[in-house]
Ligand code: EPZ
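Residue numbers (the working numbering): 1067 to 1488.
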């Protein structure tokens, strides 16, 4: 397993290009299952999760061609010949469950393995199941697989999600585009990735209104046609790289970044003493003079502070002046980066869903273990400003969500290299 070695190397300077959003691409790709005509995605990120989704779609009979070094995904689901999403693929990536709604809508049946838990939580699918059952699907759990049927097709329905689940909103939205009649989803997730999916589905002929608000309304249509759609910029990669100059000092412009993708996050950066300036090409970030100030953070569904930036924000607050309290309200076990940051000298107390961070002057490099995607990158960020060398092991977690991380950070002056192990 590869490791990444980081050495504190002073202020950063330059530009970092932001790629297409992993979490948009992972829901846009299954949308190809809704149509017999080709769906092409541009600005796609080059990530291992995208390869996993490509494998899954291919196992169902779809064709996925990766063009222009992976930035373009040309897909066709004209000849689907399998409706079973196998455990071997689904257990690697929870987002595989996003083939459930589209397959049910297109084929009238789907068998999808329950993903099982992951490092950050149990990750149940009850909200997906209830929503699809509201559309008329019959779903039962057998041998760890969800067996879903809608022999007479799906019918539009009114529903209210118990929690604004991103994945459940995406599965239900995709299924509703081909259901007969009108579907209303109340308490829908409002993430930019939902808006990006709805934009793509409209380009395919779907009739959707209200995406980005808590109430989405869909008029079902008989069929969807092909389209070409650009994947929205990755707001989590954006927020991650905005923290690099915040932690190290200097000034970095994140190309393709837009304030509206990270508004709540920018409010916290401002309170911590980090300046963010909108330019014609992205967001320019610099640490205002003096030490970063402690701030409190609570993660919430969009437009609140994103849970996917909580670990990275903690890395910043480890050396802030004062004490910060971080509340993780979305996942039940998303502080595994805390003990690893502790190995670098951070002072963090975790009690249930609350982490209290007492700022220290400086962190010290150490060998640390990556446990999940965002925890991994928070350790890289901490290592950028720590004294001495930090070795982050098990970086396969990183490769799921950050394309060419060491190149992007190296280009702005970070001392970072990947050590390939046998
Ligand atoms: C998406 O996961 C993202 N993944 C996650 O990003 C992100 O953290 C999460 O949304 C929240 O923003 C993708 O888009 C591929 P949820 P998802 O359904 O859809 C509970 C990353 O690092 N829940 O909004 O799985 C669930 O257990 C990943 O890129 C139910 O209880 O998130 C969790 O506690 C990590 N029942 C909470 O809701 C359900 O049926 C949020 O889950 C579904 C979810």
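Virtual Cβ for every residue (Gly too), placed ideally from N, Cα, C.
Since the structure is predicted, the reported quantities are computational estimates derived from the model, not experimental observations.
Of all C-beta pairs linking the stretch 1335-1347 to the stretch 1404-1414, fewer than three are shorter than 8 Å, placing the two stretches out of contact. Measuring C-alpha to C-alpha distances from residue 1178 to each of 1184, 1148 and 1200 identifies 1148 as the nearest.
Residue state for residue 1326 is assigned as helix, using DSSP reduced to three classes. The beta carbon of residue 1388 sits closer than 6 Å to those of 1360 and 1425, all from its chain and outside the five residues before and after it, given in chain order. With contacts defined as CB atoms closer than 8 Å, residue 1333 and residue 1071 fail to qualify as a contacting pair. Here DSSP, grouped into helix, strand and coil, assigns residue 1467 to coil. DSSP links residue 1341 through a beta bridge to 1352. Secondary structure at residue 1399: coil, using DSSP grouped into helix, strand and coil. With a cutoff of 8 Å on beta-carbon distance, residue 1271 and residue 1290 are scored as near each other.
Taking a C-beta distance under 8 Å as the contact criterion, residue 1434 and residue 1461 do not qualify as a contact pair. Annotation note: the stretch 1118-1182 contains the following uninterrupted alpha helix (DSSP H) runs of length 4 or greater, listed N- to C-terminal: 1153-1156 and 1166-1173. Classified as buried, residue 1478 has 16 or more neighbouring CB atoms from the shown chains inside 10 Å of its CB. Between the stretch 1390-1400 and the stretch 1367-1377, the count of Cβ pairs shorter than 8 Å is three or higher; the stretches touch.
Ranked by Cα distance from residue 1472, the options 1067, 1082, 1077 and 1101 are led by 1082.
In the three-state DSSP reduction, residue 1104 falls in the coil class, being neither helix nor strand. For residue 1413, the pairing in a beta bridge is given by DSSP as 1424. Under the three-state reduction of DSSP, residue 1331 is assigned to helix.
CA-CA distance, residue 1469 to residue 1114, rounds to 9 Å.
Residues of the same chain with a CB within less than 8 Å of the CB of residue 1404, apart from the 5 flanking positions on each side, are 1380, 1412, 1414, 1416 and 1421 in chain order. For residue 1296, the enclosing beta strand (DSSP E) begins and ends at 1293-1296. With fewer than three CB-CB distances shorter than 8 Å, the stretch 1299-1310 does not count as touching the stretch 1281-1289. Taking the C-beta atoms as reference points, residue 1251 is found nearer than 8 Å to residue 1227.
Annotated three-state conformation of residue 1214 is strand, per DSSP. By the Cβ test, the stretch 1151-1164 is not in contact with the stretch 1130-1138, since fewer than three Cβ pairs between them sit closer than 8 Å.
Separation of the CB atoms of residue 1186 and residue 1355 is rounded to 36 Å, and the pair is thereby denied contact status at 8 Å. DSSP places residue 1067 in no beta strand (DSSP E); its state is neither H nor E. In the structure shown, the three-state DSSP call for residue 1318 is strand. In its chain, beyond the 5 residues on either side, 1070, 1436, 1439, 1442, 1443, 1446, 1458 and 1471 have a beta carbon closer than 8 Å to the beta carbon of residue 1464.
Counting the other Cβ atoms within 10 Å of the Cβ of residue 1198 gives 16 or more, which makes it buried. Distances from the CB of residue 1075 to the heavy atoms of the ligand EPZ are all 7 Å or more.
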